[in-house]
Amino acid sequence: MYTPSSFKEESPDVLFELIEKYNFGILFSQHSDNPEATHLPFLVDKNRGERGTLVAHFARANKHWNNLNETKEVLAVFQGPHTYITPSWYKNRDTVPTWNYATVHVYGKPKVIHELDELRKMVTRLTHFHESQVDSNWSLEESEKSFDINLKGITGLEIEITRMEGKFKFNQNKKKEDQQGVIENLENLGEEEVSSIMKENLKGKP
């Protein structure tokens, strides 16, 4: 991924934080001469593998999983907060529009999982994670019968991470006064995610 030094983020903690918050990613792989992509919710297991492991599952009817080569790297992309930036927000308006955003690219070797016990653990963890994010009093125990039936319709995926690339592009190459102008206007528009990241970046900047 093209990443100027001003926007490069290499801290694993920061990269994992984005993945966990925006965990609906896109898995890319190459099969023969054809690129393939599937949108999947991922979980991170930081304690598995040298650099951590991504965990997800396919619908069994999606043959993308069948085309994965476990000896070749795949790419998972996670998109964080992003927004358009107009030059009208800068003190120096003699410039061009841009886009502020954060993204993480994760590379690794895929492993396809078919064992029902492993699939049960994977889906249970994923469900517990997302149920904890919403005001829900539902539990898997209420759907035990249909849960086991539906397990037969999925295929698990593990990706042992080999490397990660992070790009956090938030006007770090602009003067402080221009960044402050962007922050103020984003806050007026209710763009709290991008503005809060930019405010954090400005802390300690002369």
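For any residue, its number in our numbering is found by taking its place in the sequence shown, counting from 1, and adding 136.
Here a beta-carbon is modelled for each residue, glycine too, at the ideal position from N, C-alpha and C.
Notebook entry, point to check: Going by the CB atoms, is the gap between K339 and F143 shorter than 7 Å?
Noted result: No, Cβ-Cβ distance for F143 and K339 is not below 7 Å.
Notebook entry, point to check: Between the C-alpha atoms of S141 and Q308, what's the straight-line distance to the nearest angstrom?
Noted result: A direct Cα-to-Cα measurement between S141 and Q308 gives close to 10 Å.
Checklist line | Rounded separation between W201 and L325 - CA only | finding: For the pair W201 and L325, the Cα-to-Cα distance works out to about 41 Å.
Note to self: At a threshold of 6 Å, does P140 count as lining the ligand PLP (C-beta to nearest heavy atom)?
What the structure shows: As presented, the structure is devoid of all ligands, the ligand PLP included, so that no description of it is given.
Check: Which ranges would you report for the beta strand (DSSP E) in the stretch 144-196 if only whole runs of at least 3 residues count?
Finding: Given a length threshold of 3 residues, each whole run of the beta strand (DSSP E) inside the stretch 144-196 is given here in chain order: 160-167, 170-177, 179-181, 189-195.
Notebook entry, point to check: Y138: buried (16+ other C-beta within 10 angstroms of its C-beta) or exposed?
Noted result: Around the Cβ of Y138, a 10 Å sphere holds fewer than 16 other Cβ atoms; the residue is exposed.
Notebook entry, point to check: Roughly how many angstroms separate the alpha carbons of I162 and N198, rounded to a whole number?
Noted result: Going by the C-alpha atoms only, they are around 14 Å apart.
Checklist line | Assigned secondary structure, H264 (DSSP; H/G/I helix, E/B strand, else coil) | finding: Secondary structure of H264 (DSSP, three-state): helix.
Margin query: Extract the residue ranges of the beta strand (DSSP E) inside the stretch 202-242, only unbroken runs of 3 or more that lie entirely within it.
Written below: As far as the stretch 202-242 is concerned, its whole beta strand (DSSP E) runs of at least 3 residues are 210-221.
Notebook entry, point to check: Is the Cβ-Cβ distance between I295 and P246 less than 7 Å?
Noted result: Going by C-beta atoms, I295 is nearer than 7 Å to P246.
Checklist line | Anticipated Cβ contact below 8 Å, F164 with P171, distance rounded | finding: Contact flag correct, Cβ pair sits at about 7 Å.
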